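> Residue numbers (the working numbering): 306 to 409.
The C-beta atom is built at its ideal place from N, Cα and C for all residues, glycine as well.
These numbers come from a predicted model, not from an experiment.
1. On a CA-only basis, which of 369, 347, 358 is nearest residue 392? Give me that one, please.
2. Report the option in 409, 401, 390 whose CA atom is closest to the CA atom of residue 351.
3. Are the CB atoms of residue 374 and residue 399 within a distance shorter than 8 Å?
4. Tell me whether residue 351 sits in a helix, a strand or coil according to DSSP, three-state version.
5. Are the CB atoms of residue 338 and residue 345 nearer to each other than 8 Å?
6. Between residue 341 and residue 331, what straight-line distance do the alpha-carbon atoms span, to the nearest angstrom?
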């Protein structure tokens, strides 16, 4: 429904704002994306992709290596096409941000 969708978008916006401050939110979002339902996984993968394109993500390589990269690697076997596509975009953004350090 429209009300639910608008509430979810508001929650994602709040998470985005909170993620610019500390690493514990990144850990919570990665855990939710890994163990949550597909309904949660896709928006969180898209949120991580947005964060990687913002200064909040690009300036935090240790958080990316600790929380986001393991999540993206675990989701490589995902069957759902929309999650697989979002994870592919996330991995590309991680590679662009981290470069060769991604594989160390």
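On the basis of the coordinates in this document:
1. With distances taken between CA atoms, residue 392 lies nearest to 347 out of 369, 347, 358.
2. 390
3. yes
4. helix
5. Going by C-beta atoms, residue 338 is nearer than 8 Å to residue 345.
6. 15 Å
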